[in-house]
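Line by line, the protein sequences are chains W and V. Count the first sequence with this note's numbering and you get residues -2 to 329, in order. Count the second sequence with this note's numbering and you get residues -2 to 329, in order.
Protein chains: 2
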Amino acid sequence: MAQLTLAVDAMGGDAGLPVTVPAVAELLRRHEEVSVLMVGQQDALASALNKAGLDQHPRVSLVAASEVVTMDDPVTVALRGKRDSSMRVAINQVRDGQAQAAVSAGNTGALMAVSRFVLKTLPGVDRPAICTAIPTRTGHCHMLDLGANVDSEPEHLLQFALMGAAVVRAVDAVEKPRVALLNIGEEDIKGNEQIKQAALLLQAHPALNYTGYIEGNGIFAGEADVVVCDGFVGNVALKTMEGVASMISHMIREEIGSSWLNKLSGLLALPVLKGLKGRLDPERYNGASLVGLNGVVVKSHGGVGVAGFTAALEVALLEARRNVPGLIGKAL
Amino acid sequence: MAQLTLAVDAMGGDAGLPVTVPAVAELLRRHEEVSVLMVGQQDALASALNKAGLDQHPRVSLVAASEVVTMDDPVTVALRGKRDSSMRVAINQVRDGQAQAAVSAGNTGALMAVSRFVLKTLPGVDRPAICTAIPTRTGHCHMLDLGANVDSEPEHLLQFALMGAAVVRAVDAVEKPRVALLNIGEEDIKGNEQIKQAALLLQAHPALNYTGYIEGNGIFAGEADVVVCDGFVGNVALKTMEGVASMISHMIREEIGSSWLNKLSGLLALPVLKGLKGRLDPERYNGASLVGLNGVVVKSHGGVGVAGFTAALEVALLEARRNVPGLIGKAL
């Protein structure tokens, strides 16, 4: 397989180095053709690489960056204040052709703003979007936008649809992805004006396999490969999913702890609960793509562990290998 | 306790009489002070009441209505075409003082339009909203609007907040309900213009205990008693919850069926799964209030069974007993 290089913001996320370094070690073990540029503060990063036995690794290079964008830094600070941040320098590697993708667990707003500033959007893209895979009964779908844009116009929703379809064609090898527009089902209103206008645009586009409206519950039924929505709505839906799944897992633990009989039956139910956890594990679905940019940038959730960050690295690798930005550029 | 009369659209919902009649029988068993006006097509309804032994019941009266609003009827048909529908005649009973609340499992758009036309909105209310209880880790919260309004203006969100707080004060006896505004967390955008303006209005209102923004996952963490949002966003969030919960229950069944070991451990896990189901059962949380009207109207999910419809009847009973419309009128 062709050689590929990832640029990793080694300092980003709630944990930083203790998560990013072991995840990179795992990625290098899995993929012989992959090299990694670890971007971060010289001393701390060199020491972490050394401890992990990666300092002499032939496929790891340290790229120094003197600053770190914190999870709370406003966009202006990330963009204008910290020009030598690990996040920014990692993205610079993609711009300069040193790497084919960048991954960061840093704050989403900053990552989107810096990526957009450094890489620029692809021709035909007004607004980049955040896109991620969501588990469904039958596998998964891709949903966008998840928070980069609020108050999206119908033309933007059309662009999200084209970008999402390109992602699914590339990473899932689905030739004609079913594209649906997230809407509500009340008969008298059936969506707001933007949605109605967007439906007309999606319906009329020759390159799209538009299947119509989808409701919040339809996302998980496997009715669509691409679910298109405004970023405000998409972010609320994504966080709602996380909240419900986490509440249910909390309740299962409470039920198991509620009596001796339940403790026993919970213990015996471990295979079932483990199987369930494997299918819904948020770490497994970690790694959201910033699509519409002139290069691959993947955002990891800030709070994930090694397995989660590794999943985000895999997303970046796949998108770089399949040249998702090139395909999006062609689609738009 | 004071005598109360409910008007029930006996024909509404996917099943109609086989669900509404047994649910009413159960309600009458539970509450000696409650009478019910069963509204529906004379012959079918009389026969169903007879079979259930309710035809001679001293607290049941049959009110004839010649038509039925179907789940697919557009609002115009419900409003102008079927003026003698069971839905409309049930709401007429509230307007005429024959009943203190109406309950229907008919289609939401039609129910909202007919209720608004017949009962009118309370003074100070521009737009009625749909409000329901949502399970959380610590109990439940109330969320509105869930689909009656799209593109809500900041002033409407303020009205939803005041109405939701009045509902919680009345039905949960919480003196100062914590009111939160549903938003997204991305640092650079932090919501759209409507949300920012609405936050200022909620913050400034002396009667509201406004606690700030809440994200989709915060709904289930028990952070707020009232979650305020636009109806488009709220409906997507509600359906998303339903979709995730239903997917997880589907996956548990699949995991249990996936091997003999899992079948056995699933069987042994029944007490845990039953306890979980009891806490998340959508039938238990059935019954959404149409708030802001000059009378109590409760919408049942169209697809629920007897237990679910009974839960909706209980919601109507409680709101009528606590005079929720009167309290909302005072709050606005």
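Backbone N, C-alpha and C fix where the C-beta goes; we use that ideal spot for every residue, glycine too. All of these numbers come straight from a predicted model, not from anything done at the bench.
Beta-carbon neighbours of W:Glu152, restricted to chain V and to distances below 9 Å:
Within 9 Å Cβ-Cβ: nothing; W:Glu152 doesn't reach chain V, min ~18 Å.
V:Asp40, buried or exposed, once every other Cβ within 10 Å from all chains shown has been counted against 16:
Counting of Cβ neighbours within 10 angstroms places V:Asp40 among the exposed residues, the total staying below 16.
Buried or exposed (CB count within 10 angstroms, at least 16 for buried), W:Asn47
Counting the other CB atoms within 10 Å of its CB gives W:Asn47 a total below 16, which places it among the exposed residues.
Sequence-distant residues of its chain with Cβ nearer than 8 Å to V:Leu14 (five each side left out):
Only Ala7, Met8, Gly37, Ala41, Leu42 and Ala45 meet the Cβ criterion.
Can you grab the Cα-Cα spacing for the pair W:Leu205 / W:Met140, in whole Å?
Going from the Cα of W:Leu205 to the Cα of W:Met140 covers about 15 Å.
Distance between beta carbons of W:Thr208 and W:Arg175, contact taken as under 8 Å
Right, their Cβ atoms sit about 5 Å apart.
Beta bridge counterpart(s) of W:Ser334 as assigned by DSSP:
The requested residue 334 of chain W is not part of the displayed model; chain W covers only -2 to 329.
Quick one: is V:Arg113 buried, meaning 16 or more other Cβ sit within 10 Å of its Cβ, or exposed?
Around the C-beta of V:Arg113, 16 or more other C-beta atoms lie within 10 Å, and the residue is accordingly described as buried.
Using a Cβ-Cβ cut-off of less than 8 Å, list which residues of the region 275 to 308 of chain W approach chain V; keep chain order.
So the list reads Arg276 and Leu277, given in the order they occur along the chain.
Contact criterion: CB-CB distance below 8 Å. Does V:His247 meet it with respect to chain W?
For V:His247, the answer is yes, since a Cβ of chain W falls inside 8 Å of its Cβ.
Would you kindly work out how many angstroms separate the C-alpha atoms of W:Gly78 and V:Val288, rounded to a whole number?
Taking the straight line from one Cα to the other gives about 49 Å.
In terms of alpha-carbon separation, which member of W:Val147, W:Pro19 and W:Thr118 lies closest to V:Asn180?
Out of W:Val147, W:Pro19 and W:Thr118, W:Val147 has the C-alpha closest to the C-alpha of V:Asn180.
Does the distance from the C-beta atom of W:Gln338 to that of W:Ser149 stay below 8 Å?
Since the first residue of chain W shown is -2 and the last is 329, residue 338 of chain W is not available in this structure.
To the nearest angstrom, how far is the alpha carbon of W:Gly94 from that of W:Ala221?
Whole-angstrom Cα-Cα distance: 35 Å.
Going by C-alpha distance, which of W:Glu311, W:Lys327, W:Gly323 and W:Ala328 is nearest W:Glu30?
Among W:Glu311, W:Lys327, W:Gly323 and W:Ala328, the Cα nearest to that of W:Glu30 belongs to W:Glu311.
So V:Gly302 packs on V:Glu280, CB below 8 Å; how close in whole Å?
Your pair V:Gly302 and V:Glu280 checks out as a contact, with CB atoms roughly 6 Å apart and the cut at 8 Å.
Let me confirm a value: W:His247 is counted as buried when at least 16 other C-beta atoms fall within 10 Å, else exposed. Which label applies?
Exposed: under 16 other Cβ atoms inside 10 Å.
Residues bridged to W:Ser58 (per DSSP):
When DSSP reads this structure, W:Ser58 sits in a beta bridge with W:Leu34.
List the whole-angstrom C-beta distance separating V:Val21 from V:Val33, where the pair is believed to meet the contact cut-off of C-beta under 8 Å.
That pair is a contact at about 5 Å.
Beta-carbon of W:Val147 versus every beta-carbon of chain V: anything under 8 Å?
Yes - at least one Cβ of chain V is within 8 Å of the one on W:Val147.
Beta-carbon neighbours of V:Met238, restricted to chain W and to distances below 9 Å:
Correct list: Gly213, Asn214, Thr237, Met238, Gly240 and Val241.
V:Val224 touches chain W at which residues, Cβ-Cβ below 8 Å?
Ordered by position in chain W, no residue passes the 8 Å Cβ test against V:Val224, which lies about 11 Å from the chain.
Can you tell me where the alpha helix (DSSP H) holding V:Val176 begins and where it ends?
Run containing V:Val176: none in the alpha helix (DSSP H); it sits in the beta strand (DSSP E), Arg175 to Leu179.
Given that W:Ser255 touches chain V, what residues does it touch there, using C-beta distances under 8 Å?
By Cβ distance, chain V contributes Gly272.
Between the Cα of V:Glu64 and those of V:Val86, V:Gly161 and V:Ile131, spot the shortest distance and give me the residue it belongs to.
When only C-alpha atoms are compared, the closest one is V:Val86.
Work out the CA separation of W:Tyr282 and W:Ser297 for me, nearest whole Å.
So the alpha carbons of these two residues sit roughly 10 Å apart.
I'd like the ranges of any alpha helix (DSSP H) spanning at least 4 consecutive residues and lying wholly in the region 64 to 120 of chain V.
Entirely contained in the region 64 to 120 of chain V, the alpha helix (DSSP H) runs reaching 4 residues are, in chain order, 83 to 92 and 105 to 116.
Please work out which residues of its chain come closer than 7 Å, Cβ to Cβ, to W:Leu76, disregarding the five sequence neighbours upstream and downstream, and give them in chain order.
For W:Leu76, the CB contacts under 7 Å within the same chain, skipping 5 residues up- and downstream, are Ala110, Val111 and Phe114 in chain order.
Are any of the Cβ atoms in chain V nearer than 8 Å to that of W:Arg80?
Not an interface residue.
With a threshold of 8 Å between beta carbons, is V:Ala234 in contact with chain W?
Yes, contact with chain W.
From the DSSP output, in three-state form, read off V:Leu267 for me.
Helix.
Does V:Asp185 have its Cβ less than 8 Å from a Cβ in chain W?
Reliability of the predicted coordinates at V:Asp185 is poor, the pLDDT of 48 falling under 50, and no value is obtained from them.
Output the distance between the C-alpha atoms of V:Asp69 and V:Asn104, rounded to the nearest integer angstrom.
Cα to Cα, V:Asp69 sits roughly 7 Å from V:Asn104.
Which chain V residues sit within Cβ distance under 8 Å of W:Asn89?
Residues of chain V whose Cβ lies closer than 8 Å to the Cβ of W:Asn89 do not exist; the shortest such Cβ separation is about 20 Å.
Pick from V:Val122, V:Ser82 and V:Ala177 that is closest to V:Lys327, judged by C-alpha positions
Nearest C-alpha to V:Lys327: V:Val122.
Let me make sure I understand the geometry here. Which of W:Tyr210, W:Ser101 and W:Phe229 has the alpha-carbon closest to that of W:Val294?
Looking at the Cα atoms, W:Ser101 is the closest of the given residues.
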